[in-house]
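Novice: For the sequence shown, position 32 matches number 32 in our numbering, and the numbering has no gaps at all.
Can you read through this structure? Questions will come right after.
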Amino acid sequence: EGNRILFGRSNADEPPGFTEGLDWDWFESTISVGMERFPWLADVGLDQQACWWGYYEVTPDHNPILGRVPGTENWVNVAGFSGHGVQQAPAVGRLIAEEIMSGKAQSINIDPLRISRFSSNRIQREHNIV
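Printed below as a string of C-alpha coordinates:
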(Lines of atoms letter the chains of each structure in order from A; the text may use other names.)
(Lines give C-alpha, C1' and ligand atoms only; values in the text may rest on other atoms or scores of the structure.)
Protein backbone atom coordinates (compact mmCIF):
# COMPACT_ATOMS: atom_id res chain seq x y z
CA GLU A 1 0.00 0.00 0.00
CA GLY A 2 2.01 2.93 -1.24
CA ASN A 3 5.14 3.16 0.84
CA ARG A 4 3.65 1.06 3.62
CA ILE A 5 3.96 -2.63 4.44
CA LEU A 6 0.78 -4.68 4.56
CA PHE A 7 0.75 -7.88 6.57
CA GLY A 8 -1.38 -9.76 9.04
CA ARG A 9 -1.76 -12.95 10.98
CA SER A 10 -4.72 -14.99 12.21
CA ASN A 11 -5.42 -15.47 15.89
CA ALA A 12 -6.37 -19.13 16.36
CA ASP A 13 -7.56 -18.33 19.90
CA GLU A 14 -10.01 -15.64 18.82
CA PRO A 15 -13.54 -16.74 19.73
CA PRO A 16 -16.15 -16.96 16.96
CA GLY A 17 -18.42 -13.99 16.52
CA PHE A 18 -18.12 -10.36 15.51
CA THR A 19 -15.17 -8.73 17.19
CA GLU A 20 -14.66 -5.21 15.93
CA GLY A 21 -11.59 -3.03 16.14
CA LEU A 22 -7.89 -3.69 16.37
CA ASP A 23 -6.65 -5.87 19.23
CA TRP A 24 -3.46 -3.94 20.01
CA ASP A 25 -2.08 -6.71 22.25
CA TRP A 26 -2.47 -9.19 19.40
CA PHE A 27 -1.00 -6.63 17.03
CA GLU A 28 2.11 -6.33 19.24
CA SER A 29 2.65 -10.09 19.10
CA THR A 30 2.15 -9.97 15.32
CA ILE A 31 4.80 -7.24 15.01
CA SER A 32 7.18 -9.37 17.10
CA VAL A 33 6.66 -12.35 14.81
CA GLY A 34 7.21 -10.07 11.81
CA MET A 35 10.48 -8.76 13.26
CA GLU A 36 11.73 -12.32 13.75
CA ARG A 37 11.31 -12.88 10.03
CA PHE A 38 12.25 -9.36 8.88
CA PRO A 39 14.60 -7.79 11.45
CA TRP A 40 14.61 -4.48 9.57
CA LEU A 41 11.00 -3.94 10.72
CA ALA A 42 12.44 -2.84 14.06
CA ASP A 43 13.77 0.29 12.29
CA VAL A 44 10.48 1.16 10.59
CA GLY A 45 7.98 3.47 12.25
CA LEU A 46 4.39 2.41 12.87
CA ASP A 47 1.62 4.63 11.55
CA GLN A 48 -1.26 3.66 13.86
CA GLN A 49 -3.69 5.70 11.75
CA ALA A 50 -2.95 3.40 8.80
CA CYS A 51 -3.62 0.21 10.80
CA TRP A 52 -6.95 -1.40 10.04
CA TRP A 53 -8.99 -4.51 10.62
CA GLY A 54 -11.68 -6.28 8.65
CA TYR A 55 -14.24 -8.98 9.08
CA TYR A 56 -12.92 -12.45 8.41
CA GLU A 57 -15.69 -14.50 6.88
CA VAL A 58 -15.46 -18.25 7.13
CA THR A 59 -17.50 -21.28 6.19
CA PRO A 60 -17.53 -24.60 8.09
CA ASP A 61 -15.10 -26.12 5.56
CA HIS A 62 -13.08 -22.90 4.96
CA ASN A 63 -13.96 -22.86 1.26
CA PRO A 64 -15.97 -20.12 -0.45
CA ILE A 65 -19.61 -20.50 -1.38
CA LEU A 66 -20.00 -19.78 -5.09
CA GLY A 67 -22.84 -19.88 -7.56
CA ARG A 68 -26.58 -19.57 -7.80
CA VAL A 69 -28.78 -20.48 -4.87
CA PRO A 70 -31.23 -23.27 -5.71
CA GLY A 71 -34.83 -22.07 -5.75
CA THR A 72 -33.94 -18.43 -6.36
CA GLU A 73 -33.88 -16.56 -9.61
CA ASN A 74 -31.46 -13.70 -9.03
CA TRP A 75 -29.24 -14.68 -6.09
CA VAL A 76 -25.62 -15.61 -6.68
CA ASN A 77 -23.28 -16.36 -3.78
CA VAL A 78 -19.70 -15.14 -3.72
CA ALA A 79 -18.78 -15.34 -0.04
CA GLY A 80 -16.89 -17.08 2.75
CA PHE A 81 -13.34 -17.07 1.40
CA SER A 82 -11.68 -17.67 4.79
CA GLY A 83 -8.78 -15.36 4.02
CA HIS A 84 -8.32 -16.35 0.37
CA GLY A 85 -10.57 -13.71 -1.18
CA VAL A 86 -7.94 -11.26 -2.40
CA GLN A 87 -5.89 -14.07 -3.92
CA GLN A 88 -8.83 -15.70 -5.67
CA ALA A 89 -10.79 -12.59 -6.67
CA PRO A 90 -9.66 -12.33 -10.32
CA ALA A 91 -10.49 -15.95 -11.15
CA VAL A 92 -13.70 -15.94 -9.12
CA GLY A 93 -14.83 -12.73 -10.84
CA ARG A 94 -14.52 -14.47 -14.19
CA LEU A 95 -16.29 -17.61 -12.95
CA ILE A 96 -19.23 -15.69 -11.51
CA ALA A 97 -19.52 -13.62 -14.69
CA GLU A 98 -19.75 -16.90 -16.62
CA GLU A 99 -22.32 -18.21 -14.13
CA ILE A 100 -24.47 -15.12 -14.60
CA MET A 101 -24.07 -14.77 -18.37
CA SER A 102 -24.13 -18.45 -19.40
CA GLY A 103 -26.04 -20.07 -16.55
CA LYS A 104 -22.98 -22.04 -15.41
CA ALA A 105 -19.31 -21.33 -14.75
CA GLN A 106 -17.33 -22.77 -17.65
CA SER A 107 -13.62 -22.16 -16.98
CA ILE A 108 -13.60 -24.26 -13.81
CA ASN A 109 -16.25 -26.54 -12.31
CA ILE A 110 -17.54 -24.72 -9.22
CA ASP A 111 -20.02 -27.45 -8.24
CA PRO A 112 -17.89 -28.50 -5.21
CA LEU A 113 -18.14 -24.89 -3.97
CA ARG A 114 -21.92 -24.49 -4.25
CA ILE A 115 -23.99 -24.01 -1.10
CA SER A 116 -25.70 -27.36 -1.75
CA ARG A 117 -22.51 -29.13 -0.58
CA PHE A 118 -23.56 -28.53 3.02
CA SER A 119 -26.97 -30.19 2.69
CA SER A 120 -25.61 -33.10 0.63
CA ASN A 121 -22.59 -33.63 2.92
CA ARG A 122 -20.04 -33.18 0.10
CA ILE A 123 -17.64 -31.09 2.15
CA GLN A 124 -13.89 -31.09 1.48
CA ARG A 125 -12.17 -29.14 4.24
CA GLU A 126 -9.52 -26.57 3.29
CA HIS A 127 -6.60 -26.72 5.72
CA ASN A 128 -4.42 -23.95 4.24
CA ILE A 129 -6.17 -20.94 5.74
CA VAL A 130 -4.50 -17.68 6.65
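All C-beta atoms, glycine included, are put in the ideal place defined by N, C-alpha and C.
All values derive from a computational prediction rather than experimental measurement.
Unbroken beta strand (DSSP E) runs of length 3 or more, entirely within the region 16 to 89: which are they?
Specialist: Runs of the beta strand (DSSP E) inside the region 16 to 89: 65 to 68 and 76 to 79.
Novice: Using a Cβ-Cβ cutoff of less than 8 Å, which residues in the same chain neighbour residue 56 once the five nearest sequence positions on both sides are dropped?
Specialist: Excluding positions up to five away in sequence, the list reads 10, 82 and 83.
Novice: Do residue 70 and residue 120 come within 8 Å of each other at the CB atom, strictly closer than that value?
Specialist: Taking 8 Å as the Cβ cut-off, residue 120 and residue 70 do not qualify as a contacting pair.
Novice: Taking C-beta to C-beta, are residue 22 and residue 51 nearer than 8 Å?
Specialist: Yes.
Novice: Measuring straight from C-alpha to C-alpha, what distance separates residue 47 and residue 40?
Specialist: The alpha-carbon atoms of residue 47 and residue 40 are separated by roughly 16 Å.
Novice: Can you look up residue 6 in the DSSP assignment and give me helix, strand or coil?
Specialist: Coil.
Novice: Cα separation between residue 3 and residue 45?
Specialist: When rounded, the distance between both Cα atoms is 12 Å.
Novice: Note down, in chain order, each residue of its chain lying with its Cβ closer than 6 Å to the Cβ of residue 26, except the 5 sequence neighbours on either side.
Specialist: Excluding residues within five positions, the ones whose Cβ falls inside 6 Å are 11.
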